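Visitor: Numbering (the working numbering), first residue to last: 87 to 1019. Built from N, CA and C at the ideal position, the CB exists for glycine as well. Remember, it's a predicted structure, so these values are computed and weren't measured experimentally.
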């Protein structure tokens, strides 16, 4: 056997050498080339919190592998990286560590750049963008100005989660049990003047996913988040004449409205509260301010409320109905007032039962006595009753005008000038203002006369002052920094700058456009670059961004389109034969794929007792107790008892006597966990039950730097792509990395041992050739479908086949060379350093990453032989190898002569022989039919 230089595999020396060479040669620079097809591959950029963790590697390295694969398939691939660098953690560091946010952020970025380099990814370093640098946020401000001048940005009143401790607005996701998740301090509901984008303007358009390849769960989440409802606006009036508009999806049930409910924040609450009820109403409104919207809309929360003392008139029948206040009605949905129909809405029914309010049936289901007492609301189909002039009209399961009853009632409402057809959305306008320092400034001035002026383009960027002092009480230092605040308006009159900064999602809603030309100073992107690269072809990242970043990005693209930002780009596209509709659609990414999460070590299944209300196939649990063993179940317990098999947030799959039950733990559920002191809550339950997601706060982080130092980047990459289904993730196994490590060492030894000297065995080589072709097919298909684990498995199997043939002396030098070269080409996307090193040692042209991807040859992949299954009276009795193209006569003759047949026949002649040709995935068969004795 001929041998090459066979020193031991040293990942550190191999990887650092090739990383330096690739960087020096600009191997991964991607430039416009209209003669080549393009592929814009994008993965979500990290927040520079200090270090890249293994979750970043799990997101980025498989994405890098697929980008490399696309390049080897002939595409001109852009795969950039940058940093989403504004945000609250940097400001917190300023307070707790006495370090300026800019310095903290830039130090972290420098450290993370080195980590990204060690990953060996094919990022184009020339295109890096950092959202906190003026060169970038100048254009974030420019976008705000553009949207403001085009009536897409406005200032308005909103009810917000306000943290008195931090002195800022918090998102719903940051509030747990009425407290700030970080400080544990109370959060209140507060009306504030805020900056918004007109998010709802594109609500209908964003419900159309027909032009993009996005995962179904993401489409469903966005559809539900937008929450389009068809119905009617109807105006009730108080007895004093105050109009109370309501939106209802069920105008066919108007005659069943027996009371009204206002949100605690509704403008009319104070006016409608009578002298006798004023104190009770005020106390209730104050209490409601301490609850978040999530808590207020919980399905299992006990209904609360207070009577205002006033009444309204139902416009369809003139009936007098009491007006109540309850926190299950939200000011931000519809008009903040509802017509309550307890007979046909379960929440209204529970409220009516609690406060002894009347229930009227107006939709009668088949086979039910109309005078029977209702034990729960009926929300299904039936005929209208007690609803003159519509009695007897069918109200089916359809919504909007597709329902004949709703259609007729809407026509009548409009004819009577009582109401009109309407569409409502759960989606609200995007509140972008934050009372923080470390964010993009909002480029407007507040004039002395109360007017607001957008700054002219030449005044951008508004720079954040660096000489600031941070208040431990949480206030933004911009609010008292006089040099920043002082300004002059367009008439040279004194004015004050806006002190709110923008939501950081604003920065991350357009960064892929800036990658195209990060130093371009004539606009946010160069139209020449955009015409070639846009839109993004493949975007990868976490599904947790479904209803925020991923939805904001779709809104942003449409706003850019309608403001004319793509006009020149689309003209250039048309000149080069590209379809301008790719941008006219307003979709930023054509394909989206989501990775799962790398989790901490798996824990054993816990046993729980769960009780509550059944809804369909789910148990909405208002009480959950973790117990040691099923035998601890109290006698007579009614509910779900069993082992938790899977958990997603507050949704539990529980095995109860072999049957899977779904338990949805409600936000306000009573929770009992053994050995945990103090009051338990749902958040603690989740932390107790979860196979923990890695985070520094939980002390279960796996440091990729340590892994790279011990095993090498290629081994870490291979493990992350082999050990998990990328779209699902799973628990980290500290021992699992040794398998990929062993694979790479064996590949190294196999190649460095050199080509064999013998003539080889033609039949063995033919089978190896077939297995190589099968590997090409499996790896290609796996990369196309993001099934990286199947790719690595196929490559490991090919290595085993080749090594076994070599040990048997059955492979010639030429066959060895062809198979090994193909193996390295297939390995290149996953393990780029070792593939490059061994490719060079084989004499391959530099670089392996610019070579053509191996093509699957169906002819070579076809097997020469196949197992013929010999059956007697329909039962398999044995197999024998035959030619793939064996004829019927040859197959029957071979079957009759086989050892298996002779053993059964014992000299007898079969009554008949049936030949069953091979089918996809099935071997050919011969069934010998014997007469029964």
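CB residue 551 to CB residue 569, shorter than 9 Å?
Guide: Numbered from 1 along the chain shown, position 465 holds the residue referred to as residue 551. Numbered from 1 along the chain shown, position 483 holds the residue referred to as residue 569. Yes, the pair counts as a contact, with Cβ atoms nearer than the cut-off.
Visitor: When you compare only the Cα positions, how much space is there between residue 525 and residue 131?
Guide: Here residue 525 refers to the residue found at position 439 of the chain shown. Here residue 131 refers to the residue found at position 45 of the chain shown. If you take the alpha carbons of residue 525 and residue 131, they lie about 17 Å apart.
Visitor: What are the start and end residues of each continuous alpha helix (DSSP H) run of 4 or more residues lying completely inside the stretch 605–671, in chain order?
Guide: You should have 613–619, 635–648, 653–661 and 667–670.
Visitor: Assign residue 120 to one of two classes, buried (16 or more other C-beta atoms within 10 Å of its C-beta) or exposed (fewer than that).
Guide: By one-based count along the chain shown, residue 120 stands at place 34. Label assigned to residue 120: exposed.
Visitor: Residue 171 and residue 133 - do their beta-carbons sit closer together than 9 Å?
Guide: On the chain shown, residue 133 is found 47 positions in, with the first residue counted as 1. On the chain shown, residue 171 is found 85 positions in, with the first residue counted as 1. Result yes, Cβ atoms of residue 133 and residue 171 sit closer than 9 Å.
Visitor: If we ignore side chains and look at the alpha-carbon of each, how far apart do residue 706 and residue 307 end up?
Guide: On the chain shown, position 620 is the one that residue 706 refers to. On the chain shown, position 221 is the one that residue 307 refers to. Approximately 20 Å, taken between the alpha carbons.
Visitor: Any idea which residues DSSP pairs residue 958 with across the strands?
Guide: Within the chain shown, the letter at position 872 stands for residue 958. For residue 958, which the question treats as bridged, DSSP gives the partners 961 and 1014.
Visitor: Report yes if the C-beta distance between residue 420 and residue 348 is below 9 Å; otherwise report no.
Guide: The count along the chain shown starts at 1 and reaches residue 420 at position 334. The count along the chain shown starts at 1 and reaches residue 348 at position 262. Not a contact, by the Cβ cut-off of 9 Å.
Visitor: Answer yes or no: do residue 676 and residue 299 have a C-beta to C-beta separation smaller than 9 Å?
Guide: In the chain shown, counting from the first residue as 1, residue 676 sits at position 590. In the chain shown, counting from the first residue as 1, residue 299 sits at position 213. Yes. Within cutoff.
Visitor: How long is the line joining the alpha carbons of residue 429 and residue 456, rounded to whole angstroms?
Guide: The residue you call residue 429 lines up with position 343 of the chain shown. The residue you call residue 456 lines up with position 370 of the chain shown. Spanning the two alpha carbons is a distance of roughly 12 Å.
Visitor: If we ignore side chains and look at the alpha-carbon of each, how far apart do residue 1016 and residue 995 end up?
Guide: Position 930 of the chain shown, counting from 1, holds the residue named residue 1016. Position 909 of the chain shown, counting from 1, holds the residue named residue 995. Distance between the alpha carbons of residue 1016 and residue 995: 8 Å.
Visitor: Which residues in the same chain as residue 742 place their Cβ atom closer than 8 Å to its Cβ, once the five residues preceding and following it in sequence are excluded?
Guide: What you label residue 742 is simply residue 656 of the chain shown in a count that begins at 1. Excluding positions up to five away in sequence, the list reads 726, 727 and 728.
Visitor: For a test of the three-state rule: what should DSSP assign to residue 754, helix, strand or coil?
Guide: Residue 754 sits at position 668 when you count from the first residue of the chain shown. In this structure, residue 754 counts as strand in the three-state DSSP scheme.
Visitor: Please name the residue in 745, 641 and 392 whose C-alpha comes closest to that of residue 370.
Guide: The sequence position of residue 370 within the chain shown is 284, counting from 1. Out of 745, 641 and 392, 392 has the C-alpha closest to the C-alpha of residue 370.
Visitor: Measuring alpha carbon to alpha carbon, tell me which residue in 245, 302, 211 and 643 is nearest residue 277.
Guide: One-based indexing of the chain shown puts residue 277 at position 191. If we check each option's Cα against that of residue 277, 245 comes out closest.
Visitor: What number of angstroms, rounded off, separates the C-alpha of residue 484 from the C-alpha of residue 345?
Guide: Counting from 1 along the chain shown, the entry for residue 484 is found at position 398. Counting from 1 along the chain shown, the entry for residue 345 is found at position 259. So the two alpha carbons sit approximately 25 Å from each other.
Visitor: Under 9 Å, do residue 586 and residue 521 count as touching if we go by C-beta distance?
Guide: Translated into positions along the chain shown, residue 586 becomes position 500. Translated into positions along the chain shown, residue 521 becomes position 435. Yes, the Cβ-Cβ distance between residue 586 and residue 521 is below 9 Å.
Visitor: For residue 156, name the three-state secondary structure that DSSP assigns.
Guide: Along the chain shown, read from residue 1 onward, the residue named residue 156 stands at position 70. Helix.
Visitor: Go ahead and pull the three-state DSSP assignment for residue 332.
Guide: Position 246 of the chain shown, counted from the first residue, corresponds to residue 332. Residue state, collapsed to three classes: strand.
Visitor: Report all residues from its chain with a CB closer than 6 Å to the CB of residue 809; omit the five preceding and five following residues, and keep chain order.
Guide: Reading the chain shown from its first residue, position 723 is the one you call residue 809. 822.
Visitor: I'd like the span of the alpha helix (DSSP H) that includes residue 849, first residue to last.
Guide: Here the question's residue 849 lines up with position 763 in the chain shown. Per DSSP, residue 849 belongs to the alpha helix (DSSP H) from 848–870.
Visitor: Just list the residues that DSSP pairs residue 675 with in beta bridges.
Guide: Taking the chain shown and counting its residues from 1, the one referred to as residue 675 is at position 589. Paired residues: 622.
Visitor: With 16 as the cutoff for other CB atoms within 10 Å, does residue 204 come out buried or exposed?
Guide: On the chain shown, residue 204 is found 118 positions in, with the first residue counted as 1. When all chains shown are included, residue 204 counts as buried.
Visitor: Answer with buried or exposed for residue 667, where buried requires no fewer than 16 other C-beta atoms within 10 angstroms of its C-beta.
Guide: The residue you call residue 667 lines up with position 581 of the chain shown. Classification for residue 667: exposed.
Visitor: Following the continuous beta strand (DSSP E) through residue 708, name the residue where it begins and the one where it ends.
Guide: Start at 1 with the first residue of the chain shown, and residue 708 comes out as number 622. Looking at the DSSP string, the run of the beta strand (DSSP E) that includes residue 708 is 704–713.
Visitor: Can you tell me which of the three DSSP states residue 555 falls into?
Guide: One-based indexing of the chain shown puts residue 555 at position 469. DSSP places residue 555 in coil when its eight states are reduced to three.
Visitor: Quick check: the stretch 204–220 against the stretch 231–246, are at least 3 beta-carbon pairs closer than 8 Å?
Guide: Too few Cβ pairs lie closer than 8 Å, so no.
Visitor: Is DSSP giving residue 777 helix, strand or coil here?
Guide: Reading the chain shown from its first residue, position 691 is the one you call residue 777. No answer about residue 777 holds up, because its pLDDT of 48 lies below 50 and its placement is not dependable.
Visitor: How would you label residue 519, buried or exposed, when you count the other beta carbons within 10 angstroms and need 16 or more for buried?
Guide: On the chain shown, residue 519 is found 433 positions in, with the first residue counted as 1. With 16 or more other Cβ atoms within 10 Å, it is buried.
Visitor: Considering only residues of the same chain and omitting the five flanking positions on each side of residue 554, which have a CB-CB separation below 7 Å?
Guide: Locating residue 554 in the chain shown gives position 468, counting from the first residue. If we look at residue 554 and ignore the five residues flanking it on each side, its Cβ neighbours are 523, 563 and 567.
Visitor: Could you tell me the alpha carbon to alpha carbon distance between residue 616 and residue 644, rounded to whole angstroms?
Guide: Walking along the chain shown from the start, residue 616 turns up at place 530. Walking along the chain shown from the start, residue 644 turns up at place 558. The straight-line gap from Cα to Cα measures roughly 16 Å.
Visitor: Taking C-alpha atoms, which residue in 635, 620 and 350 lies nearest to residue 671?
Guide: Stepping through the chain shown from its first residue, residue 671 is reached at position 585. Selected option, being the one with the closest Cα: 620.
Visitor: Could you tell me whether the stretch 148–164 touches the stretch 579–593, using the rule of 3 or more Cβ pairs below 8 Å?
Guide: Too few Cβ pairs lie closer than 8 Å, so no.
Visitor: What does the Cβ neighbour count give for residue 436, buried or exposed, with the cut at 16 atoms within 10 Å?
Guide: On the chain shown, position 350 is the one that residue 436 refers to. With 16 or more Cβ atoms within 10 Å of its Cβ, residue 436 is classed as buried.
Visitor: Between residue 738 and residue 696, is the Cβ-Cβ spacing less than 9 Å?
Guide: In the chain shown, counting from the first residue as 1, residue 738 sits at position 652. In the chain shown, counting from the first residue as 1, residue 696 sits at position 610. In this structure, residue 696 lies closer than 9 Å to residue 738 by Cβ.
Visitor: Is the beta carbon of residue 583 closer than 9 Å to that of residue 547?
Guide: As a first step, residue 547 must be located in the chain shown, where it is residue number 461. As a first step, residue 583 must be located in the chain shown, where it is residue number 497. No, the pair does not count as a contact, with Cβ atoms beyond the cut-off.
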